[in-house]
Structure formats: structure tokens, C-alpha cells
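Trainee: Counting from 296, one number per residue, gives the positions in the sequence shown under the working numbering.
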Amino acid sequence: MTTYAIGDLQGCHAEFVALLERLDFDARRDRLWLAGDLINRGPDSLACLREVHALGEAVSVVLGNHDLHLLAIARGGMSHKRSDTLQAILDAPDCDALLDWLQSQPLWIDDGLDDPDRLTVMTHAGLPPWWSVARARELAGEVESTLRGNRAGGFLEHMYGDAPRRWRDDLEGADRLRAIVNIFTRMRFIAADGTLDFAAKAGLDATPAGFAPWFTYPRDDDPRMLFGHWAALGGQTPGAVVRAEALDTGCVWGGSLTALDLTSGERIGEPCQTRHGPS
């Protein structure tokens with residue numbers, strides 16, 4: 296059995312299928328970890344969602360900001376953005392079943408080891424230095440429970456926003472849940488006091504003054520951290536002082552879709568077939 300971790304699909308269905316063929320992936324034998332953002336921007340979000348859903352127990356998925364955006368449109372009353380490619384999902388006869396499945400997915404997955412220094416974890420955007428493994432897992436659970444409960448619609452309605460930009464343990468209600476979601480799904484650059492910058496989305500040569508990539512801050516523990524979200528990194532984490540491994544290699548922007556063999560560390564890429572957005 297081989298476990299592969301793959302970065303953001305973002306509707307790149309043809310490349311996803313081709314990558315699975317390149318891996319000789321067998322759902323009866325192998326396992327997939329997907330770093331979220333299964334959908335949006337690319338040409339076939341519906342096919343991506345159906346393909347992943349059909350893999351059943353062979354796949355583990357974390358929610359990304361685009362996945363949550365779909366849920367907010369469908370079940371939180373939020374509006375489309377001009378760049379969205381989500382209408383085919385909303386019009387599909389199996390839309391409700393796909394959304395039910397997506398809404399049940401977590402913000403956090405790990406390999407279940409008890410020692411946090413040997414643990415492999417995946418979230419969409421990373422793991423901030425101020426949360427231990429145990430605390431991060433607990434906070435992810437707060438959002439997951441809300442999404443699976445009778446307050447999900449209200450949460451999705453109020454999920455958007457940049458405030459608060461700094462985590463505090465005493466946050467409550469919508470502010471607390473929004474802060475957790477933003478850290479797990481939108482984090483890139485942070486300041487030493489824990490403030491997040493949500494505007495900068497480019498590479499490290501465009502680091503805002505007073506900020507640094509989240510993976511350049513030390514931690515008290517040493518988990519292996521897998522994340523997507525940040526295509527401008529090109530799968531690299533220069534300056535990292537923790538074991539952070541970037542998986543989003545920008546397939547939707549003309550890059551490639553990358554799979555990481557979690558045992559050997561080998562990376563296998565499938566080039567983009569058709570570019571769908573600016574670099």
C-alpha cells in the first residue's frame with residue numbers, strides 16, 4: 296500500500312485522472328490525501344468532485360477555501376464571484392449528495408501516530424506556530440462539528456471576512472470560527488505577534504514588511520506538515536525551520552499537479568494540459 300498526498304485540484308480533472316494513471320493508483324490497495332480546493336477556477340469542477348467522491352474510503356480530504364466557498368454559495372446564501380466555475384455543480388442532479396459529502400469533510404487529517412514529533416498532518420494552508428498539534432486538532436474539530444450540525448447555515452452565512460486577523464483564545468461565536476477557518480485555509484504570511492496578512496498571495500519575493508511565511512517560525516514540536524493553497528511557492532518552502540511540505544504546484548495556472556509519496560518522499564508530477572488563469 297502506498298499513500299500519496301496531492302495538492303489543489305481546482306477543477307483540473309483531466310490532469311487528476313492522468314496523475315492517478317501515472318501512479319498506477321489502485322483504490323483497493325493505495326490511499327490518497329488531498330489538500331483541499333478540489334474545485335473552482337479549472338475547467339471541470341463537477342467531474343473532480345465526483346471523481347474524489349467515488350474513491351470512497353481510499354481518499355482523505357481536507358477542506359480548502361474554495362470548497363468552503365461553494366458551500367457558502369449553496370447553503371449560506373453567498374454570491375458567486377466572476378472567476379468562479381461552480382455552476383455545473385449547483386445544476387447537477389447529484390448536487391445535494393455531493394455537497395452533503397463535502398460538508399462532512401474535515402479541516403485536519405493526520406496519520407494517527409501518538410508522538411507529535413513523528414506525526415504527519417495535513418491542512419489546506421498549514422499549521423501556525425502558536426498552536427500545538429493537540430490544540431490545532433481540537434480547534435479544527437470545533438469548525439467540523441459546526442459544519443455537521445444544525446448551525447451550519449448560519450456559520451456559512453457569516454464565514455467571510457478578514458477579522459479578526461490575530462488569534463485569541465477568548466474569541467467566541469462567528470469570530471472564533473471565522474478565525475479558525477482563515478488560519479487553516481487562507482494563511483500564508485504572518486507577523487511575529489500572530490497577525491495574518493490576507494492580501495499578499497504571491498511568492499516570497501513579495502513578502503509584506505513585518506511579515507514572514509508561517510513555516511519560517513519555530514515550533515515546540517516537530518510534526519511533518521503537508522499543505523496546499525500557495526501555488527506561488529511552486530512546491531518549495533525556502534527558509535523553512537519546520538518540516539513543512541508544499542503540495543500546490545499551480546496546475547490550474549499552467550504548472551502541474553503533484554503527488555508526494557509519503558513513504559519515499561518522491562514527487563510525481565502531471566503537467567497542466569490547458570492553462571486556465573494568470574500565473
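The beta-carbon is built from N, C-alpha and C at its ideal position, and this holds for glycine as well.
From a predicted model like this one, the values you see are computed outputs, not experimental measurements.
Sorted by chain position, which residues of the same chain lie with C-beta nearer than 7 Å to Leu366's C-beta, five sequence neighbours on each side aside?
Mentor: Looking up residue 366 in the sequence shown gives position 71. Closer than 7 Å at Cβ, skipping near neighbours: Leu394, Leu397, Gln398, Leu451.
Trainee: Between Trp525 and Cys546, what straight-line distance do the alpha-carbon atoms span, to the nearest angstrom?
Mentor: What you label residue 525 is simply residue 230 of the sequence shown in a count that begins at 1. What you label residue 546 is simply residue 251 of the sequence shown in a count that begins at 1. Each residue's Cα considered, the two are about 12 Å apart.
Trainee: Kindly identify the DSSP beta-bridge partner or partners of Ile301.
Mentor: Locating residue 301 in the sequence shown gives position 6, counting from the first residue. According to DSSP, Ile301 bridges with Leu329, Ala554.
Trainee: For His375, count the other beta carbons within 10 Å of its own beta carbon; 16 or more makes it buried, fewer makes it exposed. Which is it?
Mentor: Looking up residue 375 in the sequence shown gives position 80. With fewer than 16 other Cβ atoms within 10 Å, it is exposed.
Trainee: Return the CA-CA distance between Leu315 and Gly444, expressed in angstroms with no decimal places.
Mentor: For the purposes of this step, residue 315 is taken as the residue at position 20 of the sequence shown. For the purposes of this step, residue 444 is taken as the residue at position 149 of the sequence shown. Going by the C-alpha atoms only, they are around 34 Å apart.
Trainee: Could you pull the start and end residues of the beta strand (DSSP E) that Ala353 belongs to?
Mentor: Stepping through the sequence shown from its first residue, residue 353 is reached at position 58. Looking at the DSSP string, Ala353 is not in any beta strand (DSSP E), and its letter there is neither H nor E.
Trainee: Assuming Arg326 and Ala353 form a contact by the criterion Cβ under 8 Å, report the distance between their Cβ atoms to the nearest whole angstrom.
Mentor: Taking the sequence shown and counting its residues from 1, the one referred to as residue 326 is at position 31. Taking the sequence shown and counting its residues from 1, the one referred to as residue 353 is at position 58. The pair is a contact, with the Cβ atoms about 6 Å apart (cut-off 8 Å).
Trainee: Any idea what DSSP makes of Gly564, helix, strand or coil?
Mentor: Within the sequence shown, numbered from 1, the residue matching residue 564 stands at position 269. Gly564 falls in the strand class under three-state DSSP.
Trainee: Would you call Gly530 buried or exposed, if buried means 16 or more other Cβ atoms sit within 10 Å of its Cβ?
Mentor: In the sequence shown, residue 530 corresponds to position 235, counting from 1. Per the 10 Å Cβ criterion, buried.
Trainee: Within the chosen definition, does the segment 420 to 438 reach the segment 455 to 472 through at least 3 CB pairs nearer than 8 Å?
Mentor: Contact between the segment 420 to 438 and the segment 455 to 472 is present, because at least three Cβ pairs lie under 8 Å.
Trainee: Grab the span of the beta strand (DSSP E) containing Val416 for me, first residue to last.
Mentor: Working through the sequence shown from its first residue, we reach residue 416 at position 121. Taken as a continuous stretch (DSSP letters only), the beta strand (DSSP E) holding Val416 covers 415 to 417.
Trainee: For Gln400, count neighbouring C-beta atoms within 10 Å of its own C-beta (all shown protein chains included) and say buried if the count is 16 or more, exposed if not.
Mentor: Looking up residue 400 in the sequence shown gives position 105. Burial call: buried.
Trainee: By the three-class DSSP mapping on this structure, what secondary structure does Glu467 have?
Mentor: In the sequence shown, the residue the question calls residue 467 occupies position 172. Coil.
Trainee: For a minimum of 4 consecutive residues, which ranges assigned as the alpha helix (DSSP H) are wholly contained in the segment 432 to 465?
Mentor: Here the runs fully enclosed are 447 to 452.
Trainee: Could you spell out the range, first to last residue, of the alpha helix (DSSP H) harbouring Phe311?
Mentor: Counting from one through the sequence shown, the residue named residue 311 turns up at place 16. Phe311 -> alpha helix (DSSP H) spans 308 to 318.
Trainee: What's the gap between the Cα of Ser551 and the Cα of Pro566?
Mentor: What you label residue 551 is simply residue 256 of the sequence shown in a count that begins at 1. What you label residue 566 is simply residue 271 of the sequence shown in a count that begins at 1. About 4 Å.
Trainee: Is the beta carbon of Ser340 sitting closer than 7 Å to the one on Thr380?
Mentor: The residue given as residue 340 occupies position 45 in the sequence shown. The residue given as residue 380 occupies position 85 in the sequence shown. Yes. Within cutoff.
Trainee: Kindly indicate the opening and closing residues of the beta strand (DSSP E) around Leu521.
Mentor: On the sequence shown, position 226 is the one that residue 521 refers to. Taken as a continuous stretch (DSSP letters only), the beta strand (DSSP E) holding Leu521 covers 519 to 522.
Trainee: Let me know if Asp319 comes out buried or exposed under the rule of 16 or more other beta-carbons within 10 Å of its beta-carbon.
Mentor: Position 24 of the sequence shown, counted from the start, is the residue given in the question as residue 319. Classification of Asp319: exposed, given that the 10 Å Cβ count is below 16.
Trainee: Output yes or no for whether 7 Å exceeds the beta carbon distance between Glu540 and Leu521.
Mentor: Along the sequence shown, one-based indexing puts residue 540 at 245. Along the sequence shown, one-based indexing puts residue 521 at 226. Yes, the Cβ-Cβ distance between Glu540 and Leu521 is below 7 Å.
Trainee: For Phe479, which three-state DSSP category applies?
Mentor: Stepping through the sequence shown from its first residue, residue 479 is reached at position 184. Three-state result, Phe479: helix.
Trainee: What's the C-alpha gap between Ala469 and Lys496?
Mentor: One-based indexing of the sequence shown puts residue 469 at position 174. One-based indexing of the sequence shown puts residue 496 at position 201. When rounded, the distance between both Cα atoms is 25 Å.
Trainee: Closest to His361 by C-alpha separation, out of Trp328, Phe510, Ala504, Leu304, would be which residue?
Mentor: As a position in the sequence shown, residue 361 is number 66, starting the count at 1. With distances taken between Cα atoms, His361 lies closest to Leu304.
Trainee: Return the CA-CA distance between Met482 and Trp509, expressed in angstroms with no decimal places.
Mentor: In the sequence shown, counting from the first residue as 1, residue 482 sits at position 187. In the sequence shown, counting from the first residue as 1, residue 509 sits at position 214. One C-alpha to the other measures close to 8 Å.
Trainee: Answer yes or no: do Asp515 and Pro411 have a C-beta to C-beta separation smaller than 7 Å?
Mentor: Translated into the one-based positions of the sequence shown, residue 515 becomes position 220. Translated into the one-based positions of the sequence shown, residue 411 becomes position 116. No; because the gap between Cβ atoms is not below 7 Å, this pair is not in contact.
Trainee: Buried or exposed: where does Glu433 fall if 16 or more other Cβ atoms within 10 Å of its Cβ makes it buried?
Mentor: Numbered from its first residue, the sequence shown carries residue 433 at position 138. Under this definition Glu433 is an exposed residue.
Trainee: Quick check on the DSSP output: the beta strand (DSSP E) that includes Ala539 runs from which residue to which?
Mentor: Within the sequence shown, the letter at position 244 stands for residue 539. First-last of the beta strand (DSSP E) with Ala539: 539 to 541.
Trainee: Determine the direct distance from the alpha carbon of Ile475 to that of Ala253, and round the result to whole angstroms.
Mentor: Outside the shown range of the chain (296 to 574) lies residue 253, about which nothing can therefore be said.
Trainee: Go ahead and pull the three-state DSSP assignment for Asp362.
Mentor: Translated into the one-based positions of the sequence shown, residue 362 becomes position 67. Three-state result, Asp362: helix.
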